Amino acid sequence: MRTPRQTTVIASVLLVICLGGSVLLLRAMAGLGTQSPLEEVLYISSPHALKRMSLGYEALLADVYWTRAVQYFGSKHHAGARDFRLLAPLLEITTRLDPKLLVAYQYGGNFLAPQPPEGAGMPQAAIDLIEQGIRNSPDDWHLYYQLGFVYYMDLHDYERAAEAFSRGAAVPNAHPYLKLLAAQAAEHAGDLPTARLLWTTTFESTTDKSIRANAAAHLRALEVDEEVSALESVIARYRQATGHAPVSFSDLEKAGMLRGTPRDPLGRPYKLVAGERVELASPDDFPFVNKGTPPGYIPPAAPKILPTD
Amino acid sequence: MNTRIGLIAANTFREAVRDRVLYNLIAFALLMSGAAILVGQISISIERLVVVNLGLTAVSLFGIVIAIFIGIGLVSKEIDRRTLYTVLSRPVRRWEFIVGKFLGLAGTLVVNTVFMAIGVFGALVYVSHRLQASDGWLLVALYFIVLQFLIITALALLFSSFSSPLLSAVFAFSLFVIGTFAEDLRGFAGLTSGAVRWLATGAAYLVPNFSALNVISSVAHEQGVPAQLILYNTAYALLYTTMAVCGAVLIFERRNLK
Chain R
43 MRTPRQTTVI ASVLLVICLG GSVLLLRAMA GLGTQSPLEE VLYISSPHAL KRMSLGYEAL
103 LADVYWTRAV QYFGSKHHAG ARDFRLLAPL LEITTRLDPK LLVAYQYGGN FLAPQPPEGA
163 GMPQAAIDLI EQGIRNSPDD WHLYYQLGFV YYMDLHDYER AAEAFSRGAA VPNAHPYLKL
223 LAAQAAEHAG DLPTARLLWT TTFESTTDKS IRANAAAHLR ALEVDEEVSA LESVIARYRQ
283 ATGHAPVSFS DLEKAGMLRG TPRDPLGRPY KLVAGERVEL ASPDDFPFVN KGTPPGYIPP
343 AAPKILPTD
Chain X
1200 MNTRIGLIAA NTFREAVRDR VLYNLIAFAL LMSGAAILVG QISISIERLV VVNLGLTAVS
1260 LFGIVIAIFI GIGLVSKEID RRTLYTVLSR PVRRWEFIVG KFLGLAGTLV VNTVFMAIGV
1320 FGALVYVSHR LQASDGWLLV ALYFIVLQFL IITALALLFS SFSSPLLSAV FAFSLFVIGT
1380 FAEDLRGFAG LTSGAVRWLA TGAAYLVPNF SALNVISSVA HEQGVPAQLI LYNTAYALLY
1440 TTMAVCGAVL IFERRNLK
């Protein structure tokens, strides 16, 4: 006959062993890769059915679906995926469950519009989503800004971008930059100052760290593009004046065409290659740049976004 | 208040506390603190919304579960333990017993809600670092949730006055589900005609309307609640609760307890 104490000890040890064993088994099963990835499945795709099933608690369900959309996009984006087929349905469910969830329209548009791997490459879905947000919250200037942003940056439809910014500028308490953006989008379609103003507005108007970091990365990229263009035109002038290519930036300094060694926005010196090309010391730190990369450079699948703080 | 009703209510409250009903507060505290910390890391810009939505949903669901599962046992447990005969052999009227039981459970739920509300506001301060004027609307949402509890408690008591605990739980929960669709039911009634229309309209007005008592989504988005709605909801909940408690009293008065 066992004493109660013995029974307790035996049962406790068995419990721990079984728990440890089941954890090990689950890990082993995960390693087999037989389970289909859960994120690729939308068991209930109808927002109306989900709303009914929520028994009046649809606001919480909307938060769950928004978090699921963020996780879906984040994990795929991190893996450098090019297929985001569930993103639009997840955002639709989220915004049907809670039509006032502004973040889903704002950031959802950001996720949907850019081309892969930066985004899902679905600018029209982004436009539809943001327009739906505007119908539900017509007094929020962020949505018009986001709409104009997608038209400008992703669809290069400058006329519609200017129209969206104008509509936003008419909203009470709109960001003062919207009026300026409307004018610039109409007059200076596709130029660097307008792009800089767009990203500056994004940087200044968001409190989310990841969005700020993304905007800062774009602003740095614009700065690099501008600096590399300027430096390459200085090199061209030097060649024209001297008849030969500069060996280093100090040649340009000696010629009075440059003051000091030029540095990128992160403080690292630019490289002068073959007397004609200006390259970044570490191009991986500057996602979204169009200039300053070596020939044949392939950027990392997932852009390296440096924190702003 | 009638002293006997007060004593029965106080005893019901003590019994609920002894049944470890308030232990749900620990689960609630863990849920709120876990959500407040976790959501900031896995989602974007909805920390405050999640605290409000999850907090108020949890307050509502925990309370409804407690109201149903304690409410259905209020009468049957007393009969099973034969304590009801001891109570009724004293100068206690049957209606006083029912009203006392109702008030005791309602009081338990109010105390429970007060503690949970403190938790919700605490989590809100944690994620937002301050409270703002619009957070005051959360108190209205919490008040509406308490009104929901009153209705559900009265319904659970009504069913437990004539049915078994299991069936009472099924009936009460079914009415809660149907009550969330009360406005749809009225809409469907409008699509029919003749006797069906009358029946459907009657059913739509008979089931409790919980959809008007749910303003969680609005207050989460810092939208106010019209004073008229507060007034109508208060009057409606009191009328419906009184109606259900009266039904319970009528049935219990005629019930053969031998």
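Protein sequence lines, in the order shown, are assigned to chains R and X. Letter by letter, the first sequence follows residues 43 to 351 in our numbering. Letter by letter, the second sequence follows residues 1200 to 1457 in our numbering. Ideal placement from N, C-alpha and C gives every residue a C-beta, glycine not left out. None of these values were measured; they are calculated from a predicted model.
Asked: Pro-336 (chain R) classed as buried or exposed, judged by whether at least 16 other C-beta atoms fall within 10 angstroms; Found: exposed
Asked: Chain R within 7 Å of Ser-1333 (chain X), Cβ atoms only; Found: no
Asked: The region 1374 to 1390 of chain X in contact with the region 1282 to 1295 of chain X per 3-pair CB rule at 8 Å; Found: no
Asked: Contact between the region 1320 to 1331 of chain X and the region 1222 to 1238 of chain X (3+ Cβ pairs under 8 Å); Found: yes
Asked: Rounded straight-line distance, which links the Cα of Val-58 (chain R) to that of Thr-50 (chain R); Found: 12 Å
Asked: Local Cβ density within 10 Å of Met-95 (chain R), reported as buried at 16 or more and exposed below that; Found: exposed
Asked: Bridge-paired residues (DSSP) for Arg-319 (chain R); Found: R:Val-315
Asked: Reduced DSSP category for Arg-305 (chain R) - H, G, I as helix; E, B as strand; rest coil; Found: strand
Asked: Per-residue DSSP class, three states only, for His-160 (chain R); Found: The residue asked about is misnamed: residue 160 (chain R) is Glu in this sequence, not His. If DSSP states are grouped into helix, strand and coil, Glu-160 (chain R) belongs with coil.
Asked: Runs of alpha helix (DSSP H) wholly within the region 1325 to 1380 of chain X (minimum 4 residues, chain order); Found: 1336 to 1359 and 1364 to 1379
Asked: Residue nearest to Gly-317 (chain R) in terms of C-alpha spacing, selected from R:Ser-292, R:Ile-340, R:Pro-307 and R:Gly-309; Found: R:Ser-292
Asked: Chain-ordered residues of the region 1404 to 1431 of chain X with a beta carbon less than 7 Å from chain R; Found: Phe-1409, Ser-1410, Asn-1413, Ile-1415, Ser-1416, Ala-1419 and His-1420
Asked: Runs of beta strand (DSSP E) wholly within the region 1419 to 1447 of chain X (minimum 3 residues, chain order); Found: none
Asked: Proximity test, Cβ basis, 7 Å: Ile-1243 (chain X) and chain R; Found: yes
Asked: 8 Å contact criterion, which Leu-171 (chain R) and Leu-144 (chain R) should meet: CB distance rounded; Found: Rounded, the Cβ-Cβ distance is 12 Å, inconsistent with contact.
Asked: Within chain R, partners of Asn-1252 (chain X) - CB distance below 7 Å; Found: Ala-101, Leu-102 and Asp-105
Asked: Cutoff 7 Å: Thr-1352 (chain X) Cβ touching any chain R Cβ; Found: no
Asked: Length of the line joining the Cα atoms of Lys-118 (chain R) and Tyr-85 (chain R); Found: 19 Å
Asked: Unbroken alpha helix (DSSP H) run spanning Ala-212 (chain R), endpoints; Found: Neither: Ala-212 (chain R) is in no alpha helix (DSSP H) and is coded neither H nor E.
Asked: Distance, Val-276 (chain R) Cα to Met-299 (chain R) Cα; Found: 7 Å
Asked: Burial state of His-260 (chain R) (16 or more Cβ within 10 Å); Found: buried
Asked: Beta-carbon contacts of Arg-1362 (chain X) that lie in its chain and below 8 Å, excluding the five residues immediately before and after; Found: The sequence shown places Ser at residue 1362 (chain X), rather than the Arg named in the question. Counting only Cβ-Cβ distances below 8 Å, and skipping sequence neighbours, we find Phe-1370.
Asked: Asp-293 (chain R) - containing alpha helix (DSSP H), residue span; Found: 291 to 296
Asked: Where Thr-109 (chain R) meets chain X, residues with beta-carbon distance less than 9 Å; Found: Val-1238, Ile-1241, Ser-1242, Ile-1243, Ile-1245 and Val-1249
Asked: Interface residues of the region 1374 to 1408 of chain X facing chain R [CB-CB below 7 Å]; Found: Val-1376 and Thr-1379
Asked: Cβ contact check for the region 165 to 180 of chain R and the region 214 to 226 of chain R: 3 or more pairs under 8 Å; Found: no
Asked: Under 8 Å by beta carbon: chain X residues contacting Val-112 (chain R); Found: Ile-1241, Ser-1242 and Ile-1243
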